[in-house]
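Trainee: Protein chains in written order, with this note's numbering: chain Y, 1 to 152; chain X, 1 to 81.
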Amino acid sequence: MYPAGGALSRPGRGDGEVLGWGSRRKEVTMASKESKKVEEIVEKASEAVESAGAMASETLDQARAKFAEVADAAKRGSRQVLDAADRARGVAKERAEVAVERLKGGYDRAHTDFDKLRGNVEDYVRDNPGKSVLMAAGFGFLLGAVLRRRGD
Amino acid sequence: MSEPAAGARPPDRAAELVDELIPADVDWRPLVVRYPLLSLAVAALGGFWLGRRRGAAILAGVATFAADSVESSVHRLLEAE
């Protein structure tokens, strides 16, 4: 922005002061140097931005890959846990069935033994009614006497 | 006292004792044969009740009777010599 007629006025100086062609060339050279510097800076800045973008993209890709790995591992882990839970459930069910069978067998055996004992007692009482009644009464008598003494 | 016939069961002294303890109009044998376990339970309860109520007196009487029996037996033996 130079005034017409080749004169250049500088701000801060008097209105009548006019610069010559040498000074103007020097200023133009300085301006072009500064412009080059600015271009370099802009270029470096754009390179830095590109590099940062590339790095960010790479980091993002790595993060995605890691996330996918972690997700796969979590899926595998959950599948293993589910399989282990299924196996444990099967084993527990099997053991519970075995325990129930044993309990049932023990109950049946005890029931049979009790029935047999009751039958034997009934047969003995029918064969020896007087002796059985006296024995029962004597047992009750002794028990009552002992308990009374303890109570006193 | 007549001897039991061949093949017949010997007299049941326990049954005779129960006959003496229980009133004569109560026929207890068929009841015991029909309800054996219930009869045992009733007898045990009766004995328990007797032991609680008169246990000490009955035991003292039995002990006195036994002591008298032993004493009379010893006396008879000594007199015989």
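Note that the Cβ used here is the ideal one computed from N, Cα and C, for glycine as well.
(1) Could you tell me whether the Cβ of Ala15(X) comes closer than 8 Å to any Cβ of chain Y?
(2) Look at the alpha carbon of Glu69(Y) and the alpha carbon of Glu58(Y), and state the distance between them as a whole number of angstroms.
(3) Using the beta-carbon of each residue, which ones in chain Y are nearer than 8 Å to Pro23(X)?
(4) If you reduce the DSSP assignment to three classes, tell me which class Ile22(X) lands in.
(5) What span of residues does the alpha helix (DSSP H) with Glu84(X) cover, start to end?
(6) Does the Cβ of Ser78(Y) lie closer than 7 Å to at least one heavy atom of the ligand ADP?
(7) Note the first and the last residue of the continuous alpha helix (DSSP H) segment covering Asp113(Y).
(8) Kindly list the residues whose CB is nearer than 8 Å to the CB of Leu77(X), restricted to its own chain and excluding five residues on each side of it in sequence; keep chain order.
(9) Pull up the distance between the alpha-carbon of Leu147(Y) and that of Gly61(X), whole angstroms please.
(10) Please name the residue, chosen from Glu81(X), Gly51(X), Arg13(X) and Val18(X), that lies closest to Arg149(Y) on a Cα-to-Cα basis.
(11) Using 8 Å as the cut-off, can you tell me whether the region 131-144 of chain Y makes contact with the region 9-23 of chain X, which would need three or more C-beta pairs spanning the two stretches below that distance?
(12) For a contact meaning CB atoms closer than 9 Å, what does Asp12(X) contact in chain Y?
(13) Under 7 Å Cβ to Cβ from Val125(Y), same chain only, skipping five residues before and after it: list those, please.
(14) Check this for me: beta carbons of Ala57(X) and Phe139(Y), under 8 Å apart or not?
(15) Is the CB of Pro4(X) under 8 Å away from at least one CB in chain Y?
(16) At a CB-CB cut-off below 8 Å, which residues of chain Y make contact with Gly46(X)?
(17) Against chain A, with Cβ distances strictly below 8 Å, would Gly119(Y) count as a contact?
(18) Would Phe141(Y) and Phe65(X) qualify as a contact pair, given that the criterion is a beta-carbon distance under 8 Å?
(19) In chain X, which residues lie with their C-beta within 9 Å of the C-beta of Val125(Y)?
(20) Rounding to the nearest angstrom, what Cα-Cα distance links Leu17(X) and Ala137(Y) in this structure?
(21) Taking 8 Å as the CB-CB cut-off, is Ala43(X) touching chain Y?
(22) Tell me the rounded alpha-carbon separation between Leu37(X) and Val98(Y).
Mentor: Short version:
(1) Residue mapping note: residue 15(X) aligns to position 15 of the second sequence, counting from 1. Cβ-Cβ to chain Y under 8 Å: yes for Ala15(X).
(2) On the first sequence, residue 69(Y) is found 69 positions in, with the first residue counted as 1. On the first sequence, residue 58(Y) is found 58 positions in, with the first residue counted as 1. Approximately 16 Å between the Cα atoms of the pair.
(3) Translated into positions along the second sequence, residue 23(X) becomes position 23. Going along chain Y, no residue has its Cβ under 8 Å from Pro23(X), so there is no contact; the nearest lies around 14 Å.
(4) As a first step, residue 22(X) must be located in the second sequence, where it is residue number 22. Residue state, collapsed to three classes: coil.
(5) Residue 84(X) lies beyond the residue range present for chain X, which begins at 1 and ends at 81; the question has no answer from this structure.
(6) Ligands are entirely absent from the displayed structure, and the ligand ADP is therefore not among its contents.
(7) Here the question's residue 113(Y) lines up with position 113 in the first sequence. Looking at the DSSP string, the run of the alpha helix (DSSP H) that includes Asp113(Y) is Trp21 to Asp127.
(8) The count along the second sequence starts at 1 and reaches residue 77(X) at position 77. Once the five neighbours on either side are set aside, Leu77(X) has no close Cβ partner at all.
(9) Translated into positions along the first sequence, residue 147(Y) becomes position 147. Translated into positions along the second sequence, residue 61(X) becomes position 61. Going from the Cα of Leu147(Y) to the Cα of Gly61(X) covers about 19 Å.
(10) The count along the first sequence starts at 1 and reaches residue 149(Y) at position 149. Ranking Glu81(X), Gly51(X), Arg13(X) and Val18(X) by Cα distance to Arg149(Y) puts Gly51(X) first.
(11) yes
(12) The residue labelled residue 12(X) in the question sits at position 12 within the second sequence. Within chain Y, the residues near Asp12(X) are Asn128, Pro129, Gly130 and Lys131.
(13) What you label residue 125(Y) is simply residue 125 of the first sequence in a count that begins at 1. For Val125(Y), where only same-chain residues beyond five positions count, the Cβ hits under 7 Å are Ser132.
(14) Your numbering for residue 57(X) matches position 57 in the second sequence. Your numbering for residue 139(Y) matches position 139 in the first sequence. Taking 8 Å as the Cβ cut-off, Ala57(X) and Phe139(Y) do not qualify as a contacting pair.
(15) Here residue 4(X) refers to the residue found at position 4 of the second sequence. Confidence is the limiting factor: at Pro4(X) the pLDDT is only 48, short of 50, which leaves the residue's position unreliable and the question unanswerable from this model.
(16) Within the second sequence, residue 46(X) is the residue found at index 46, counting from 1. Those are Ala137 and Gly140, listed as they occur along chain Y.
(17) Protein chains Y and X are contained in the structure displayed, whereas chain A is not.
(18) Against the first sequence, residue 141(Y) aligns to sequence position 141. Against the second sequence, residue 65(X) aligns to sequence position 65. It is not a contact, given that the beta carbons lie outside the stated cut-off.
(19) In the first sequence, counting from the first residue as 1, residue 125(Y) sits at position 125. Within 9 Å Cβ-Cβ: Val32, Val33, Pro36, Leu37, Ser39 and Leu40.
(20) Translated into positions along the second sequence, residue 17(X) becomes position 17. Translated into positions along the first sequence, residue 137(Y) becomes position 137. Those two C-alpha atoms are separated by around 12 Å.
(21) The residue given as residue 43(X) occupies position 43 in the second sequence. Chain Y, which has a Cβ nearer than 8 Å to the Cβ of Ala43(X), makes this yes.
(22) For this step, residue 37(X) is matched to residue 37 along the second sequence. For this step, residue 98(Y) is matched to residue 98 along the first sequence. The alpha-carbon atoms of Leu37(X) and Val98(Y) are separated by roughly 37 Å.
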